[in-house]
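Quick notes on the structure that follows.
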Amino acid sequence: MNAPHALIITGGTREARRAFAVREAAARQCARRDGTSCGVCAGCRKTLEGTHPDMDIVAAAGREIVVDTVRAVKAALSLLPGEGFCRVVIFDEADTLNPHAQNALLAVLEEPPSHAAFLLCTAVPEALLLTVRSRCAVVRLPHAEETAEEPDESVASLVAAIAQKDEWACCQIVLSWEKCKREELEKRLFQLSAALRTRLETADPLTGKRFYCILDGVCALRDSLRRNAGVGHVCGALACQLVN
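Here the numbering used here runs 124 ahead of the position in the sequence shown, where the first position is 1.
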């Protein structure tokens, strides 16, 4: 299994973010070792039940997560996993990490133990230090109003082309989106990110790493579009990403 050692999980509700993080933790402890959670092996069951000894969920005791809490996490990570394949730390509402705690976490993210994974759940990723965010892949969950959207046919075609590594088809589809209005392009980028997340659940490790990179780029471009980047610029950047 070859997954990012650190993920920022944003979007959706607090419950959805935490549930996604626990499922991701289960996938990392699953006996199948294919990047997915079977849900039935001992590693998956204990993780999903919240009883796995190698999973810790860190949340603010008061208004914020303090530096001593992060130092305790760092100390615990000096030990190898006792039962699973890695030690997984979930930060629930990671935006409550105060600046000192974030700097302490950054030191761990810069030189992470090979047996550790960090899952940072937050509705406000911008509250995290840029240096922390730069060391994490990002997964954006859909908001409730977005989950009912019917996928565009061109999105399904693009996902298939990505899976087949058909760069010419990828470029043709993405460049055809330059004619979209801003709202329509944002919808297609969201549908694309949702489809990539679905593919990640069954992807082999090598393909999964590639899909993670593409997903991270798609989410960043969607944010750029919301910050008033031009439709043509976003489409061009996506096309370049898919052929590199």
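Every residue gets a Cβ at the ideal spot worked out from N, C-alpha and C, and that includes glycine.
From a predicted model like this one, the values you see are computed outputs, not experimental measurements.
Cross-strand partners of residue i (DSSP beta bridge)
{"i": "G135", "result": "L265"}
{"i": "V182", "result": "F215"}
{"i": "I189", "result": "L221"}
N- and C-terminal bounds of the alpha helix (DSSP H) containing residue i
{"i": "A228", "result": "P223 to E234"}
{"i": "I297", "result": "E291 to S300"}
{"i": "T171", "result": "A166 to E173"}
{"i": "R323", "result": "R306 to L324"}
{"i": "T160", "result": "Premise fails: T160 is in no alpha helix (DSSP H) and is neither H nor E."}
{"i": "R370", "result": "The shown model of the chain, from 125 to 368, leaves out residue 370, and the question about it has no answer."}
Residue range of the unbroken beta strand (DSSP E) whose run includes residue i
{"i": "C245", "result": "A240 to C245"}
Under the three-state DSSP convention, the category residue i falls into
{"i": "D347", "result": "helix"}
{"i": "A272", "result": "Caution applies to A272, whose pLDDT of 48 falls short of 50 and renders its modelled position unreliable; the value that the coordinates give is listed next. Coil."}
{"i": "Q365", "result": "helix"}
{"i": "A127", "result": "coil"}
{"i": "A353", "result": "coil"}
{"i": "L249", "result": "Note on identity: in this sequence residue 249 is Pro, with Leu being the wrong assignment. Correct three-state label for P249: helix."}
{"i": "L282", "result": "helix"}
{"i": "Q288", "result": "coil"}
{"i": "A155", "result": "coil"}
{"i": "G360", "result": "helix"}
{"i": "E207", "result": "coil"}
{"i": "L201", "result": "coil"}
{"i": "Y336", "result": "helix"}
With 16 other Cβ atoms within 10 Å as the buried cut-off, status of residue i
{"i": "P223", "result": "exposed"}
{"i": "W122", "result": "An answer regarding residue 122 cannot be provided, because it is not within the stretch 125 to 368 covered by the chain."}
{"i": "T193", "result": "buried"}
{"i": "A149", "result": "buried"}
{"i": "P177", "result": "exposed"}
{"i": "C359", "result": "buried"}
{"i": "A200", "result": "exposed"}
{"i": "Q288", "result": "exposed"}
{"i": "V197", "result": "buried"}
{"i": "E217", "result": "buried"}
{"i": "A145", "result": "buried"}
{"i": "S258", "result": "exposed"}
{"i": "L164", "result": "Rather than Leu, the amino acid found at residue 164 in this sequence is Val. It counts as exposed."}
{"i": "C364", "result": "exposed"}
{"i": "A272", "result": "Any reading at A272 needs caution, since the residue's pLDDT is 48, under 50, leaving its predicted position unreliable; the model's value is listed next. By the 10 Å Cβ count, A272 comes out exposed."}
{"i": "G208", "result": "buried"}
{"i": "K311", "result": "buried"}
{"i": "L320", "result": "buried"}
{"i": "A185", "result": "exposed"}
{"i": "R157", "result": "exposed"}
{"i": "L204", "result": "exposed"}
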